[in-house]
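In my numbering, the protein residues as written are 115 to 502. Note that beta-carbon positions come from the ideal geometry of N, C-alpha and C, so glycine has one too. Down below is the structure, laid out as structure tokens.
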Amino acid sequence: MQRRQFIRLACGGTVAAAGAAAVTGCSFAEVPSTAVAAWQDPSGEKDLRRWVLSYALLAPNPHNLQPWLADLGREGEITLRLDPQRLLPATDPFGRQILMGAGAFLELLAMAAAERGHRAEWELFPDGEPGLRLDAKPFARVRLLGDAGVARDPLFAQVLVRRTDRRAYDAGRRVTTAEADTLRAAVGKLPVRFGLASDETRVAPIRAIAREAWRIELTTPAPMMESMRLLRIGSREIDQHRDGISITSPFLVVMERVGLFDRSQFPAPDSQATQGQLKDFDAITASTPAYLWLVTEGNRRTQQVDAGRAYVRVNLAGTAAGLAMHPNEQALQEYPEVARPYQAIHALLDAPSPRYTVQMLARVGHLPAGIAAAAPAPRRGLAAQLST
Ligand SMILES: Cc1cc2nc3c(=O)[nH]c(=O)nc-3n(C[C@H](O)[C@H](O)[C@H](O)COP(=O)(O)O)c2cc1C
């Protein structure tokens, strides 16, 4: 009873649990401005190392865990490690995607340094590469060297406006060859192969694999529960954590508050929650006019970092070209249940496993006319990511 009253008050008297789905603008179901404050230009930051880190932490990264920890203890250096509490053992058992996020982080750091006339030089895994699982040793040791000749990167202008956009795209608007060439060019000299399919005969089988892999993720307890634990439902939780998967649907927030959405239980495959998510994914998948992918020959740790660097560059180039992007990594994951779609996508994209690894598969397209770019995803902020 008390809970129902709270919900009514927070929505200005318009919401009761049963009618919440129709309500928008509830203060309890928004991303609070404090959770996205990191997207403001950090112009007040005087220290160069802190300034470049303020941009780096805006990198795309799996499940928005932002596992990067920066140690500024050594003069003139930034030592970067991964927080072992912020990994994804079920969906990313070998930390491949986490290292892609680390690569994206380094790429943004280098772009920011160039803006201030510095070259970022780094040594990857200075104390040794991780084995099968990631470890707490540094993934990079970075030095910023003053260099009047360093070229500024035009993609830097997109860093504060880059987004992951999981909504429907304009199904009738193709990604043109010129747009695809722009995305391809963004990879530059990185040793990563870029591919893009925008004709229906190639897109249709990719859609089918993406759907199948999504179904497997939702109906397999370990990966599904990993995501459930990272749900941040409603403004309060979003602001408290500033990571994970933000849920701002008033309906779901209300369901959770009245005890009708239990995150500690694996939802049955035929439950309304799972079936609803499958239906939503089918709809956005059907709206997808093109997919892009990034492939490495081999799957070494340094190649995973390179793939992340390449992805953020492609994402930034897409932003500049007015293209929305949404990674669909489900078919690329390495837990046993998803082995069939994993093999299928590698074969389809002319990247047979194990010689090649498809590191990224992403939806790409234009938003429907009149739809504004997605809101930024929360960030924990620099203070939370400094280890000294
Ligand atoms: C390696 C990698 C894998 C990702 N996989 C997915 C995915 O499968 N599904 C998804 O919705 N987003 C995926 N993302 C996007 C992240 O969820 C997103 O970057 C993060 O939530 C932060 O949001 P932002 O990119 O808008 O800053 C992935 C990002 C990276 C770098």
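Distance between SER363 and ALA135 (C-alpha atoms, nearest Å): In the sequence shown, counting from the first residue as 1, residue 135 sits at position 21. In the sequence shown, counting from the first residue as 1, residue 363 sits at position 249. Reliability of the predicted coordinates at ALA135 is poor, the pLDDT of 36 falling under 50, and no value is obtained from them.
Where TYR456 sits in the DSSP three-state scheme: Numbered from its first residue, the sequence shown carries residue 456 at position 342. In this structure, TYR456 counts as helix in the three-state DSSP scheme.
Pair within 9 Å by beta-carbon distance, SER467 and TYR456: Taking the first residue of the sequence shown as position 1, residue 467 is located at position 353. Taking the first residue of the sequence shown as position 1, residue 456 is located at position 342. Their beta carbons are under 9 Å apart, which means SER467 touches TYR456 by this criterion.
Span of the alpha helix (DSSP H) around ILE352: For this step, residue 352 is matched to residue 238 along the sequence shown. Start and end: 348-355.
Complete runs of the alpha helix (DSSP H) confined to the region 343-416 [at least 4 residues]: Counting whole runs of 4 or more residues, the region 343-416 contains the alpha helix (DSSP H) stretches 348-355, 364-371, 386-400.
Other residues of its chain near ILE320: CB distance less than 6 Å, five sequence neighbours each side excluded: In the sequence shown, the residue the question calls residue 320 occupies position 206. Cβ within range, chain order: TYR405.
Environment of GLN444 [buried if 16+ CB atoms lie within 10 Å]: For this step, residue 444 is matched to residue 330 along the sequence shown. Answer is buried; the Cβ neighbour count reaches 16.
Chain D contact for LEU238 (CB, 9 Å cutoff): Absent from the structure is chain D; it holds one protein chain and no more.
The region 369-378 / the region 274-285 touching (three or more Cβ pairs under 8 Å): The region 369-378, when compared against the region 274-285, does not touch it at the 8 Å Cβ threshold.
Inter-residue CB distance, SER341 and VAL145 (contact presumed, cutoff 8 Å): Counting from one through the sequence shown, the residue named residue 341 turns up at place 227. Counting from one through the sequence shown, the residue named residue 145 turns up at place 31. Contact between SER341 and VAL145 fails: their C-beta atoms lie close to 18 Å from each other, not under 8 Å.
Residue from TYR425, ARG454, GLU451 with nearest C-alpha to THR278: Stepping through the sequence shown from its first residue, residue 278 is reached at position 164. Measuring from the Cα of THR278, the nearest candidate turns out to be TYR425.
Integer Cβ distance of VAL289 from GLY479, believed to fall under 8 Å: Residue numbering aside, residue 289 sits at position 175 when the sequence shown is read from its first letter. Residue numbering aside, residue 479 sits at position 365 when the sequence shown is read from its first letter. VAL289 to GLY479, Cβ: 6 Å. Contact.
Beta-carbon spacing of PHE270, LEU194 below 9 Å: Residue mapping note: residue 270 aligns to position 156 of the sequence shown, counting from 1. Residue mapping note: residue 194 aligns to position 80 of the sequence shown, counting from 1. No, the pair does not count as a contact, with Cβ atoms beyond the cut-off.
CA nearest to the CA of PRO508, picked from ALA476, THR333, TYR470: Given that the chain is displayed from residue 115 to residue 502, the structure contains no residue 508 and the question cannot be resolved.
Bridge partner(s) assigned by DSSP for ARG477: Here the question's residue 477 lines up with position 363 in the sequence shown. Note: ARG477 is bridge-paired with TYR405, HIS440 in the DSSP secondary-structure output.
Buried versus exposed, by CB contacts within 10 Å (16 or more), THR138: On the sequence shown, residue 138 is found 24 positions in, with the first residue counted as 1. Because THR138 carries a pLDDT of 48, less than 50, the predicted location of this residue cannot be relied on, and the following value inherits that uncertainty. With fewer than 16 Cβ atoms within 10 Å of its Cβ, THR138 is classed as exposed.
For ARG163 and ARG255, the rounded distance between their alpha carbons: Here residue 255 is taken as the residue at index 141 of the sequence shown, counted from 1. Here residue 163 is taken as the residue at index 49 of the sequence shown, counted from 1. Distance between the alpha carbons of ARG255 and ARG163: 12 Å.
Beta carbon of ARG414 nearer than 9 Å to that of GLY302: Numbered from 1 along the sequence shown, position 300 holds the residue referred to as residue 414. Numbered from 1 along the sequence shown, position 188 holds the residue referred to as residue 302. Not a contact, by the Cβ cut-off of 9 Å.
Stretch-stretch touch, CB-based, cutoff 8 Å, three pairs: the region 348-358 with the region 484-495: Yes: at least three Cβ pairs fall under 8 Å.
DSSP-derived helix/strand/coil call for GLU435: Locating residue 435 in the sequence shown gives position 321, where the first residue counts as 1. Checking the displayed sequence, the identity of residue 435 turns out to be Ala instead of Glu. ALA435 sits in coil when the DSSP states are folded into three classes, being neither helix nor strand.
Contacting residues, own chain, Cβ-Cβ under 7 Å from GLY512 (five flanking each side not counted): Outside the displayed range of the chain (115 to 502) lies residue 512, so it cannot be described from this structure.
Alpha carbon of ALA435 to alpha carbon of ASP261, nearest angstrom: Counting from one through the sequence shown, the residue named residue 435 turns up at place 321. Counting from one through the sequence shown, the residue named residue 261 turns up at place 147. Cα-Cα distance, rounded: 30 Å.
Touch test, the region 329-346 against the region 196-204, Cβ-Cβ under 8 Å, three pairs minimum: Between the region 329-346 and the region 196-204, the count of C-beta pairs closer than 8 Å reaches three or more; the two stretches touch.
ASN413: CB within 8 Å of a non-hydrogen atom of ligand 1: Within the sequence shown, residue 413 is the residue found at index 299, counting from 1. In terms of side-chain proximity, the C-beta atom of ASN413 is found no nearer than 8 Å to any non-hydrogen atom of ligand 1.
Contained alpha helix (DSSP H) runs [length at least 4] in the region 313-343, N- to C-terminal order: Secondary structure remark: continuous alpha helix (DSSP H) runs of at least 4 residues inside the region 313-343, in chain order: 314-333, 335-343.
Within 9 Å, strictly: CB atoms of GLN499 and ALA228: Residue 499 sits at position 385 when you count from the first residue of the sequence shown. Residue 228 sits at position 114 when you count from the first residue of the sequence shown. At a Cβ-Cβ threshold of 9 Å, GLN499 and ALA228 do not count as neighbours.
Rounded straight-line distance, which links the Cα of GLY390 to that of MET474: Your numbering for residue 474 matches position 360 in the sequence shown. Your numbering for residue 390 matches position 276 in the sequence shown. Straight across, the Cα-Cα distance linking MET474 with GLY390 is about 26 Å.
Three-state class that DSSP yields for LEU220 in the structure shown: Position 106 of the sequence shown, counting from 1, holds the residue named residue 220. In the displayed model, LEU220 falls within a helix according to three-state DSSP.
Cβ-Cβ distance between GLY158 and ARG257 below 9 Å: If you number the sequence shown from 1, residue 158 lands on position 44. If you number the sequence shown from 1, residue 257 lands on position 143. In this structure, ARG257 does not lie closer than 9 Å to GLY158 by Cβ.
Check: THR278 C-beta below 8 Å from any heavy atom of ligand 2: This structure does not include ligand 2; its bound ligands are ligand 1.
ILE192 - DSSP class collapsed to helix/strand/coil: Position 78 of the sequence shown holds residue 192. Three-state DSSP puts ILE192 in a strand.
Status (buried if at least 16 other CB within 10 Å, exposed otherwise) for SER141: Walking along the sequence shown from the start, residue 141 turns up at place 27. Here SER141 is exposed. Its C-beta has fewer than 16 other C-beta atoms within 10 Å.
THR502 classed as buried or exposed, judged by whether at least 16 other C-beta atoms fall within 10 angstroms: Position 388 of the sequence shown, counting from 1, holds the residue named residue 502. It counts as exposed.
Every unbroken alpha helix (DSSP H) inside the region 162-190 [4 residues or more]: Entirely contained in the region 162-190, the alpha helix (DSSP H) runs reaching 4 residues are, in chain order, 162-170.
Simplified DSSP assignment, three categories, for ARG494: One-based indexing of the sequence shown puts residue 494 at position 380. ARG494: coil per DSSP, three-state reduction.
Nonlocal neighbours in the same chain, by C-beta distance under 7 Å from LEU503, ignoring five residues either side: Residue 503 lies beyond the range of the chain shown here (115 to 502); nothing can be said about it.
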